[in-house]
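**Q**
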Amino acid sequence: DNLAKETELKRLKEEITSKVTAVSVLKSHCDNLIHQYNKLSEVFVPDNIRVCLKQAADDSYEKSEKIAEDFLNKKIDVERFLTSYIECRKLGQARRTKEEKLAHQLNELKRAGY
Numbered sequence: 050d051n052l053a054k055e056t057e058l059k060r061l062k063e064e065i066t067s068k069v070t071a072v073s074v075l076k077s078h079c080d081n082l083i084h085q086y087n088k089l090s091e092v093f094v095p096d097n098i099r100v101c102l103k104q105a106a107d108d109s110y111e112k113s114e115k116i117a118e119d120f121l122n123k124k125i126d127v128e129r130f131l132t133s134y135i136e137c138r139k140l141g142q143a144r145r146t147k148e149e150k151l152a153h154q155l156n157e158l159k160r161a162g163y
């Protein structure tokens, strides 16, 4: 009778060990997913988006100034200057407008206590 119980006990012990291992693997996977989520949530924080928009707008304006400089130094022709300069300025202005709008919305939320 004890021998039968010992065999059953051994089987149950192995089953528990197997389940503990499976839980450990799942916990590790869950921890990795939480880490990924936290990294992504930092990227999409509204203040970070605003900063990125501002940087992108600044970059567009710098690029347009470089295009204007190249035109003045006769490195590019009028047609290429007009198309690339106007496109660059439009992009920069669109980004600047979005950044300002987001900043305004964030300020309103802060004032409202969010």
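Each residue of the sequence shown is one higher than the one before, counting from 50 in this note's numbering.
Backbone N, C-alpha and C fix where the C-beta goes; we use that ideal spot for every residue, glycine too.
Buried or exposed: where does S113 fall if 16 or more other Cβ atoms within 10 Å of its Cβ makes it buried?
**A** The sequence position of residue 113 within the sequence shown is 64, counting from 1. Under this definition S113 is a buried residue.
**Q** Count the other C-beta atoms from every protein chain shown that fall within 10 angstroms of the C-beta of G141, then say buried if there are 16 or more, exposed otherwise.
**A** The sequence position of residue 141 within the sequence shown is 92, counting from 1. Classification of G141: buried, given that the 10 Å Cβ count is 16 or more.
**Q** Buried or exposed: E128, going by 16 or more other Cβ atoms within 10 Å of its Cβ?
**A** Residue mapping note: residue 128 aligns to position 79 of the sequence shown, counting from 1. Exposed, since its Cβ has fewer than 16 Cβ neighbours within 10 Å.
**Q** Following the continuous alpha helix (DSSP H) through N81, name the residue where it begins and the one where it ends.
**A** Stepping through the sequence shown from its first residue, residue 81 is reached at position 32. That run of the alpha helix (DSSP H) goes N51 to V92.
**Q** So, are the CB atoms of A106 and E148 less than 7 Å apart?
**A** The count along the sequence shown starts at 1 and reaches residue 106 at position 57. The count along the sequence shown starts at 1 and reaches residue 148 at position 99. Yes, the pair counts as a contact, with Cβ atoms nearer than the cut-off.
**Q** Could you check the C-alpha separation between D119 and K139 for me, to the nearest Å?
**A** Translated into positions along the sequence shown, residue 119 becomes position 70. Translated into positions along the sequence shown, residue 139 becomes position 90. Whole-angstrom Cα-Cα distance: 19 Å.
**Q** With a Cβ-Cβ cutoff of 7 Å, do R144 and L75 count as a contact?
**A** Translated into the one-based positions of the sequence shown, residue 144 becomes position 95. Translated into the one-based positions of the sequence shown, residue 75 becomes position 26. Result no, Cβ atoms of R144 and L75 do not sit closer than 7 Å.
**Q** What does the alpha-carbon distance come out to for the pair D96 and K68?
**A** Here the question's residue 96 lines up with position 47 in the sequence shown. Here the question's residue 68 lines up with position 19 in the sequence shown. Each residue's Cα considered, the two are about 44 Å apart.
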